[in-house]
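Mind the numbering: the sequence shown is residues 290 to 712 in my numbering, read in order. The beta carbon of each residue, even a glycine, is placed where N, CA and C say it ideally should be. Right, one structure below, let's go through it.
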Amino acid sequence: MKVENLILGAGIAGLGASYGFYQKGKSSCVVEKNSTYGGLCDSFEINGFRFDRFVHLTFAQEKEVNDIFRKSCGELTTHIPNPFNLYHGLWVKHPAQNNLYPLSEEEKKLIVSDFMKRPTITEEQKPDNYEEWLRWQFGNYFAEHFPMVYTKKYWMKEASQLRTEWVGKRIYQPSVDEVIAGCNTAETPVTYYAKEMRYPKKGGFKALLREMADHADIKYNYEVKHIDTQNKEVAFGNGEVISFGNLYSSLPLPEIIAMLDDVPSHVSEAASQLEATSGYHISIALKTKDIPPYLWWYIYDEDILAARVYSPSLKSADNAPEGCSSLQMEVYCKEGAYTEQQLLDGTVGRLIELGVINKDDILFTHVGFEKYANVIFTEPIYDARKTVRDYLAAKGICTFGRFGEWDYLWTNQSLLSGLNLSK
Numbered sequence: 290m291k292v293e294n295l296i297l298g299a300g301i302a303g304l305g306a307s308y309g310f311y312q313k314g315k316s317s318c319v320v321e322k323n324s325t326y327g328g329l330c331d332s333f334e335i336n337g338f339r340f341d342r343f344v345h346l347t348f349a350q351e352k353e354v355n356d357i358f359r360k361s362c363g364e365l366t367t368h369i370p371n372p373f374n375l376y377h378g379l380w381v382k383h384p385a386q387n388n389l390y391p392l393s394e395e396e397k398k399l400i401v402s403d404f405m406k407r408p409t410i411t412e413e414q415k416p417d418n419y420e421e422w423l424r425w426q427f428g429n430y431f432a433e434h435f436p437m438v439y440t441k442k443y444w445m446k447e448a449s450q451l452r453t454e455w456v457g458k459r460i461y462q463p464s465v466d467e468v469i470a471g472c473n474t475a476e477t478p479v480t481y482y483a484k485e486m487r488y489p490k491k492g493g494f495k496a497l498l499r500e501m502a503d504h505a506d507i508k509y510n511y512e513v514k515h516i517d518t519q520n521k522e523v524a525f526g527n528g529e530v531i532s533f534g535n536l537y538s539s540l541p542l543p544e545i546i547a548m549l550d551d552v553p554s555h556v557s558e559a560a561s562q563l564e565a566t567s568g569y570h571i572s573i574a575l576k577t578k579d580i581p582p583y584l585w586w587y588i589y590d591e592d593i594l595a596a597r598v599y600s601p602s603l604k605s606a607d608n609a610p611e612g613c614s615s616l617q618m619e620v621y622c623k624e625g626a627y628t629e630q631q632l633l634d635g636t637v638g639r640l641i642e643l644g645v646i647n648k649d650d651i652l653f654t655h656v657g658f659e660k661y662a663n664v665i666f667t668e669p670i671y672d673a674r675k676t677v678r679d680y681l682a683a684k685g686i687c688t689f690g691r692f693g694e695w696d697y698l699w700t701n702q703s704l705l706s707g708l709n710l711s712k
C-alpha cells in the first residue's frame, strides 16, 4: 500500500494535519496505534460517567480552530474560570500569590515582607533557573511553600532544574498593592490568564475533534515499529507496511529516533536528553452532587499525591448521570512508581480524610496511565530538540504537535501545528 501523505498519530495535531490536507483537496492517511482517535484529548465512559484523559478545556481565540470545534459539537458550555488551591486544609483562590486572605496573619506577614524585598530583574541581572525566578518574583517564603512544592509534583523536577522560557503568561506576577489587597479581602478580581473556558455540552472534550475525524482516513491498531527513510516505508506491529510520499509525525521525538536505523550517536544522545512527565489520572464517580464548586483546583500539600483535580460533571452535566457528580485527580510520576492502592490511598483516600468527599458516596474509582503528559523544560531542551528535529527533517520526516515540536503547546496550538502543515 502507498499513500502520498502519511501522518503518524491521530491525536488533535494529527487530525489537524489530515484536516488541513482535506481542506486543500489533498489526500492523506492517518495511522493510530490505539483503537480510537483523540490521543490525550480522548474521552472514556464507565457506567454512564464520562472522563477525559487529563483535564481539558478550550480557550482558543483563533477563528479557524473555533470553527472546527463548533462544526464538531455544535453548542459549547462557557465557564468563567474559578480555580482554587488546596493548601494545608485551606481553600485559597487561584493564583495564590494575590489571594492570601485565608492564610494566618503570621504567614501573610512573612510573604508580604519577602515580596517587598525582591530584587529587580534586568537584562544584566536575571535569574539562571526557575527556582531563582520564583524567588525573585515572589520572595523566598512563598516560593518555597507554594510553587516550588507544586513544581516537584507537576514537573517531577526541582525548580532549580528547569528553565524559565516556558513560563510566559502562565504564572501571574502581581504588584505589591495586589498582594497586600489579597491579604485583606477575599473579594479580589479574577487574574487568571484566560477570561473564559469552553467545553462541549455533550460528548466530552473528544467531541471537539469529530469534524476532523469524520473527514480523515484513519487506520486503527497500527503501531509504528520501524521507519525506513531510504525506501520511504513504515512497518507496523500488525505486520503491515505502508509506502509514503511524505511523512509527518506527531509522535514523541525520542520514540521516532528509536524507530530509525543508523542514527548518529550525537542525535541519539540529544534524544535521550528530551524529558517528559508521565502521569496517572484517578477518576471518581459519586452518587451525590455535593463536591467542591470549583471547575478545577491545585493541591500544594506534599502528602497528597495529586497535583491537580477537576470535575468532569461541572464541565458538563452530560458527563455524569442525573443526581451524580465526578472528580478526576492527576498524579505525575513514572509508571510503576506507586501501586494502584498507593495511588488511591494518596489521592481518593486523602480527600476522604480531609472531608472533601464522603467514602459512602463513591460509586467507583478508575486508574489510568499516560506515558507522555507534558514536555519538561530542563537545561538541554532547546539544543537537544533542534538537533533531533533537524536530523529528522533531513531524513524527510516532518515533526509537529506537542511531542513532535517538543514544546508546551495547548490543544489549540497543537491543532494549529497540524493544520499549518498544508499551508
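Mind reading off the beta-carbon distance from residue i to residue j? Whole number of angstroms is fine, and I expect it under 8 Å.
i	j	result
Tyr376	Ala475	Between Ala475 and Tyr376 the Cβ distance is about 14 Å, and since that is not below 8 Å, they are no contact.
Tyr326	Ile507	6 Å
Thr676	Ala559	4 Å
Tyr430	Leu392	With a Cβ gap of about 11 Å, Tyr430 and Leu392 do not count as contacting.
Leu295	Cys330	21 Å between Cβ atoms; not a contact.
Thr477	Ala470	6 Å
Leu710	Gly309	6 Å
Asp466	Gly428	Asp466 to Gly428, Cβ: 15 Å. No contact.
Val637	Ile573	6 Å
Tyr311	His504	5 Å
Ser332	Lys495	4 Å
Val401	Val320	56 Å between Cβ atoms; not a contact.
Near residue i, which residues of its chain fall below 7 Å by C-beta distance, leaving aside the five closest residues on each side in sequence?
i	result
Trp425	Arg407, Pro408, Ile410, Pro416
Trp444	Leu451, Thr566, Ile665
Lys458	Tyr482
Ser324	Tyr509, Asn510
Leu681	Ile545, Thr688
His515	Ala524, Met548
Measure the Cβ-Cβ separation of residue i and residue j and say whether it is below 8 Å.
i	j	result
Tyr697	Trp380	no
Tyr569	Gly690	no
Gly305	Ser706	yes
Lys623	Ser567	yes
Pro372	Trp586	yes
Leu542	Cys362	no
Glu293	Leu708	no
Arg487	Leu346	yes
Leu575	Leu652	yes
Tyr439	Tyr589	yes
Val620	Ile571	yes
Arg597	Gly493	no
Lys441	Glu447	yes
Tyr599	Val344	yes
Glu659	Arg342	yes
Ser307	Met618	no
Cys472	Lys382	no
Report the residue from the options whose alpha carbon sits nearest the alpha carbon of residue i.
i	options	result
Gly693	Ala302, Val292, Glu293	Ala302
Gln386	Met437, Glu642, Ala524, Pro553	Met437
Asp649	Val664, Lys495, Tyr627, Thr577	Thr577
Asn608	Asn663, Pro541, Pro489	Pro489
Ser449	Glu420, Glu433, Pro463	Glu420
Leu563	Pro463, Gly638, Tyr661	Tyr661
Met548	Phe533, Ala524, Ser554, Glu529	Ala524
Gln631	Glu351, Ala595, Glu659	Ala595
Gly644	Asp590, Leu633, Ser600, Pro581	Pro581
Phe435	Asn388, Glu619, Gly492, His515	Asn388
His368	Lys604, Ala470, Lys382	Lys604
Lys322	Asn527, Val637, Ala683	Asn527
Ala349	Lys712, Ser711, Asn701	Asn701
Ser615	Gln312, Glu334, Gly314	Glu334
Ala606	Thr366, Asp592, Tyr311, Phe343	Thr366
Val552	Arg678, Asp579, Met405	Arg678
Glu591	Gly635, Arg674, Gln414, Ser464	Gly635
Tyr671	Glu413, Glu395, Trp695	Trp695
Glu485	Pro370, Ser532, Val513, Asp550	Pro370
Gly612	Arg359, Tyr627, Gly625, Asp579	Asp579
Trp422	Glu395, Thr453, Lys313, Glu394	Thr453
Counting only the same chain and skipping the five closest in sequence on each side, list residues whose C-beta sits under 6 Å from that of residue i.
i	result
Ser703	Ile301, Ala302, Gly690, Arg691
Gly337	Pro610
Ser538	Leu297, Ile545, Ile686, Thr688, Gly693
Gly780	Residue 780 cannot be examined here, being either before or after the span of the chain that is shown, 290 to 712.
Sorted by chain position, which residues of the same chain lie with C-beta nearer than 8 Å to residue i's C-beta, five sequence neighbours on each side aside?
i	result
Gly685	Thr518, Lys521, Asn535, Leu536
Lys315	Glu293, Asn294, Ser711
Gly378	Leu643
May I ask you to check if the CB of residue i is nearer than 7 Å to at least one heavy atom of the ligand ATP?
i	result
Trp586	In the structure on display, the ligand ATP does not appear, and there are no ligands present to speak of.
Residue ranges of each beta strand (DSSP E) within the stretch 377 to 444, 3 or longer: 379 to 382
I'd like the ranges of any beta strand (DSSP E) spanning at least 3 consecutive residues and lying wholly in the stretch 528 to 598. 530 to 538, 568 to 575, 585 to 588
Any chance you could list the alpha helix (DSSP H) runs of at least 4 consecutive residues sitting entirely within the stretch 443 to 512, in chain order? 465 to 473, 499 to 503
Ordered list of beta strand (DSSP E) runs contained in the stretch 629 to 669, each at least 3 residues: 651 to 659
Completely contained alpha helix (DSSP H) runs for the stretch 670 to 703, where each covers 4 or more residues: 670 to 683, 691 to 694
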